[in-house]
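Chains as they are written, first to last, in the working numbering: chain A, 368 to 478; chain B, 4 to 87.
Every residue, glycine too, gets a C-beta built ideally from N, C-alpha and C.
Take a look at the structure below.
Okay, structure coming up:
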């Protein structure tokens, strides 16, 4: 089971800073700050190397996860569109748009 | 007030009460060292920054390669269909 199959490279790649990489980078930075807090160190000023490393790791993991997610979504869309294309009889547009008044039952006031 | 009576001295060294048949007391393998935050481990700091720089370089390179590959495949697909 390949993480990113070759056909995923035919998709437009997500931007470097996408929702996954930013969020996981932020989570990595937060975990470095938490580590500072638990070890009674200054929260922001201590362990800059740790904060940078964990934020970087989060960005890298987030970027690749978003690439995989976009590939899975594209694959599902492709299969869905292919199914619709092969079964047109199930997806016919109903002739004549129905008004909502025709679909609802008649109003019977209850007093 | 009457003086509190002293406990009799034990005739043998005290050992923690243990159920019969339990394993003998062993020393723990985990040792706690007091962390010294005043003297940073510069090797570890350098390695962390170096690894971060390398990871960013790899990530940016990977992104450029992905963009180039996508453009290449898009151009090839358009070429096949001969649309403008």
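- The beta carbon of residue 61 of chain B sits closer than 9 Å to some beta carbon of chain A.
- Interface criterion met: the Cβ of residue 58 of chain B is under 9 Å from a Cβ in chain A.
- Looking at A/475, A/398 and A/383, the one whose alpha-carbon comes closest to that of residue 419 of chain A is A/398.
- If you draw a straight line from the Cα of residue 450 of chain A to the Cα of residue 437 of chain A, it comes to about 20 Å.
- From the listed residues A/416, A/425, A/476 and A/428, the smallest Cα separation to residue 43 of chain B is found for A/416.
- Residue range 386-405 is occupied by the alpha helix (DSSP H) that includes residue 402 of chain A.
- For residue 434 of chain A, the enclosing alpha helix (DSSP H) starts and ends at 415-453.
- Take residue 393 of chain A, set aside five residues on each side of it, and the residues of its chain with a beta-carbon closer than 8 Å to its own are 422 and 425, in chain order.
- Counting only the Cα atoms, residue 372 of chain A lies some 13 Å from residue 69 of chain B.
- Note on residue 434 of chain A: 16 or more other CB atoms within 10 angstroms of its CB, so buried under the neighbour-count rule.
- The C-beta separation of residue 73 of chain B from residue 391 of chain A comes to about 23 Å, leaving the pair out of contact by the 8 Å criterion.
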